[in-house]
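Protein chains in written order, with the working numbering: chain W, 76 to 600; chain A, 161 to 494.
Note that beta-carbon positions come from the ideal geometry of N, C-alpha and C, so glycine has one too.
This report concerns only the one structure given below.
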Amino acid sequence: MGRKLTNHPLYTIVFLSFVLFVVIPVAYTLGTALFTDGSFGTNIQLLNLDTFSLLAKSCIIAFFIALLSTFFGTILGFMLYKTNIKFRNIFKILLLIPLFISPYILAVAWKDFFFIFFNDTNLISSYIGVILVLTTIFTPLSMIITGSALSNIDAQLEESGFMITSFRMVILKIMLPLIKPALITSFVLVFIFSISEFSVPAFFGVKLFTTEIFTQFSAFYNHSLAILQSGLLIVICILLLFTEKQNIADAPFLSIGSKGTDNKLYNTKNRNILSLLFMFGWLSISVVFPFIILFVQSFKNGASRFIQAFELLLPTFANSIGLAFSAALIIVFIGFIAAYYSAYQSGTKTIKSFDWLLLIVFAIPSTILGISLIKFYNQPGLDIIYSSYAIILIALAGKFSFISSKLIGNAIRQIPNSLDEAAQIEGISSFTRLRKILIPLILPALFAAFIISFIFSLGELGTTIMVYPPGTEIMPIKVFTIMANAPQSLTSSMTLIVFSVTLLIISGFYFLMKPLIKNYGFAND
Amino acid sequence: MKNICLKITFLILLIMTGCSDNTNEVVVYTSFVEIFSEPFLKDFEKESGIAVKAVYDTEETKSTGVLNRLIAEKDNPQCDVFWSGDPVRTIVLKNKGITSVYQSPAANDIDPVFKDPEYHWTGFSARARVLIYNKTLLEQTDIPRSIFDLAKKQYKGKVAIANPLFGTTTFHIAALFTVLGDEKAKQFLSDLKNNDVVIATSNGDVKKRVIKGEVACGLTDTDDAFEALKEGADIGVVFLDQQEIGSLIMPNTVCLIKNSPHTVNGKKLIDYLLSIETEAELAKSCAQMPLHKGVKTPAGIPSLDDIIPMKIDYDKTSQKLEEIQNYLKEWAEN
């Protein structure tokens, strides 16, 4: 194994850095927290029937959210990526908005909505409310996963189907089986995001497994039991991801380039009004209604609150954007290296274990990751990391490199091996092949991975609040620490500003990168 | 390409090490509302020339960030001063051996009841637990005057309290246990539950529910109540049990962290926070009641001289809190 590693110095450096900076701290802290002073023996007895029934309840809720999100996401994905429905490019952008906003804010908006229009919040402050809010948040994720897979189906397959059977049968017998990997990926990712979500059930006062872990942390300060309980969540996530890995043939999700396949677009003429009604209906539920509430609350007493919110957030912009930008670069780099070697050297045990390490760290709840990093890095000799932004970058790289490697890995696997082989025969070095063939071909996917990593890093709160260096101002933390006691109008204004800043930056990146991607001739929308 | 890589690496390194300066400074962690605490820390910075590095959290979200961070940092503290919005969290830290002894000269005339007997923490600027009610939903004659009224049939389903596992509500309930005894306190909580009390996520949530009229009244803290009044909410504020057990008073608390890196500066910040001037400003900005004698307060801000306080020992109440937490968890969840 040692010889194989020295054959890939870049991979070795990245792999060992990830192990050293992220995996060892987590393993060390979890190990000591669980096994010191016999706490494991004491706490394992507390994992009783109630704990497991609560976990089962959380799984059921997450199951419904994943199912509904994947169902609606597939319909939306089909309409936006496989039909010529009017305004489809605008819809593609607008429907992504819920992904950019903190789930907590949307929960607040929905509760206010129910109170204003129904004068009753009991319906929303329930399991149904949790399912509703989280479904609207995660459906866009399913939409881009399944939509991208649908757009990558070779048109010849569909046309062959039409020669012998109906449109309905083509969808059921050709399209859905072909995008099965994307459907499974969508279900698994949404399930994991939902079962780990804390803020929405906490706000609605619904007891789920994450709120129980929080209680152990914040009311009983029992880190050991909280970590043990989190371990159960981690096991479930790993089992699911393992099943996904075993069952899918590398879902082509979130690939931007068309890679030479023809995407067939269907005409919606017979059902145009019905389709548009559905799109507007979904847009209203997931974006328009919550935003009207936020907007009304922001400006109901004039613009003064909005100005105050802007002044409060102004000092955080440069820090937060710089940090998210650096984190996204690191995350994309780690993701690319992991994905590249996973695709081209998939037989090596070390390379397989890198995939698993990325996955396990991804599944660790935010607070646990934060505590782990504090306990490991808060040593006199490691002050340069603990007292600087390095600790946040390590946390963000640990959390999001898995997603980035998955996005980039799927793009790499769509590149025909013949291109690389032909260049190899010509005697072109591996670095030049990488630089001149692979990277240009997957540039859109790298860009997508960068944007998603940037959005997640800019909004990350759970781990960042545990480790951010004293005296620094970071946007989501500022919003979080102010919103709890501030008037609703100030909170809503801050949310609108955070959202606008995120959208502005992403648009900026898009326009900067667009000519570059277009130069390679395969950028689509 | 190489140049770009070098530039990016340099940029990342610059950002990574951008805040590792370690000069004349003091590090403070606070769970007191950022919007109110930040101006004081900035003023101290100006007056003393000592750079203040703060980590904020909020008690509305149970101070998970700072408190768990302080516990995790126990063996190599980074923080000098912890400023808490209540005594509960400071006492948790004291019991875990995280605080240090400091008897501030600035707090000499503060009543010893608001100080730790061993000077691990000192109280200043207090809040009280109050009842707020929606004026359109409750007539003047129907307003509850005692906490025990909340268990009466006429308020069935009309009262909200925050989750008693967290924050000032948990301390309020623990105080009731110490004053009434376990049996009476449990009976009261049981009656309250049978009366369909609404359990809100936080005091802020109680305030919002009362303002909106989702419930007729609810228990919260004076700062939340006065903030709502400042925003023009149509609510009234009542100090409960003024003829009987009194209202619970909860001071802010400040403590020095054991083995802190900037102990001298930490003590200077504590002295500043405990000064008469800080209390006067806190009264103005967020309706906190001064504990120093003779501090001038704006009109409308209650004075401790006008309130019958609940007679409790903060340390003993914190001990009681640890004893009843499992009971409270069960009460809140079932």
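Using three-state DSSP, classify F284 (chain A) as helix, strand or coil.
strand
Between the stretch 257–272 of chain A and the stretch 424–435 of chain A, do at least 3 Cβ pairs fall closer than 8 Å?
yes
List the residues of chain W whose Cβ lies closer than 8 Å to the Cβ of D114 (chain A), in chain order.
The structure shown has nothing for residue 114 (chain A), since chain A only spans 161 to 494.
May I ask you to list, following chain order, the residues of the stretch 282–294 of chain W that have a beta carbon less than 8 Å from some beta carbon of chain A?
K282, F289, T290, F292, S293 and A294
Sorted by chain position, which residues of the same chain lie with C-beta nearer than 7 Å to G335 (chain W)'s C-beta, five sequence neighbours on each side aside?
The predicted position of G335 (chain W) is uncertain, since its pLDDT is 47 and thus under 50; no value can be drawn from it.
8 Å Cβ shell around K256 (chain A) - same chain, five flanking residues per side excluded:
I231 and K234
Is the Cβ-Cβ distance between A388 (chain A) and K367 (chain A) less than 7 Å?
yes
Would N363 (chain A) pass as a contact of S285 (chain A) if the rule is Cβ separation under 7 Å?
no
Status (buried if at least 16 other CB within 10 Å, exposed otherwise) for N197 (chain W)
exposed
So, using beta-carbon positions, are T343 (chain W) and T87 (chain W) closer together than 7 Å?
no
Below 6 Å, is the gap between the Cβ of G317 (chain A) and the nearest heavy atom of the ligand ADP?
With respect to the ligand ADP, the structure offers nothing, as it holds no ligand at all.
Cα separation between I484 (chain A) and D342 (chain A)?
9 Å
Backbone CA spacing between S504 (chain W) and K282 (chain W) [nearest angstrom]
57 Å
Cβ-Cβ distance between N294 (chain A) and V226 (chain A) below 7 Å
no
Measuring CA to CA, which of W:I367, W:I581, W:A131 and W:S293 is closest to A524 (chain W)?
W:I581
Cβ closer than 7 Å: which chain A residues qualify as neighbours of I449 (chain W)?
R229, A232 and E233
Taking 7 Å as the cut-off, decide whether the C-beta atoms of I461 (chain A) and A443 (chain A) are in contact.
yes
Between the alpha carbons of P551 (chain W) and E535 (chain W), how many angstroms are there, rounded?
7 Å
Under 7 Å from the C-beta of Y107 (chain W): neighbouring residues of chain A
Reading off the sequence shown, one finds Thr at residue 107 (chain W), where the question assumed Tyr. Correct list: empty, because the minimum Cβ distance to chain A is about 11 Å.
Spatial distance of G152 (chain W) from L232 (chain W) (CA atoms):
19 Å
Under 7 Å between C-beta atoms, does I609 (chain W) make it to chain A?
An answer regarding residue 609 (chain W) cannot be provided, because it is not within the stretch 76 to 600 covered by chain W.
My parser needs the alpha helix (DSSP H) runs of 4 or more residues fully inside the stretch 414–444 of chain A; what are they?
423–433
Looking at the secondary structure, which residues open and close the beta strand (DSSP E) in which T380 (chain A) lies?
C377 to D381
Give a yes or no on whether 7 Å exceeds the smallest Cβ distance from A492 (chain A) to chain W.
no
CB of F331 (chain A) within 7 Å of CB of V252 (chain A), strictly
no
Contacting residues, own chain, Cβ-Cβ under 6 Å from M218 (chain W) (five flanking each side not counted):
G148, L151 and G152
Does the Cβ of D365 (chain A) have 16 or more other Cβ atoms within 10 Å, making it buried, or fewer, making it exposed?
buried
Going along chain W, which residues have a C-beta under 8 Å from N236 (chain A)?
N453, Q454 and P455
Just to confirm before moving on: does the CB-CB distance between V245 (chain W) and E319 (chain W) stay below 7 Å?
no
Given S197 (chain A), which residues of its chain have a CB within under 6 Å of its CB, disregarding the five upstream and five downstream residues?
T190
Report the three-state DSSP secondary structure of M558 (chain W) (helix, strand or coil).
helix
On the DSSP letters alone, give me the boundaries of the beta strand (DSSP E) that Y189 (chain A) sits inside.
E185 to T190
Can you tell me whether M238 (chain W) is buried or exposed, with buried defined as 16 or more other CB within 10 angstroms of its CB?
exposed
For M470 (chain A), name the three-state secondary structure that DSSP assigns.
coil
When you compare the CB positions of L216 (chain W) and I254 (chain W), do they come within less than 7 Å of one another, or not?
no
Just the Cα atoms here: how many angstroms apart are E386 (chain W) and G397 (chain W)?
19 Å
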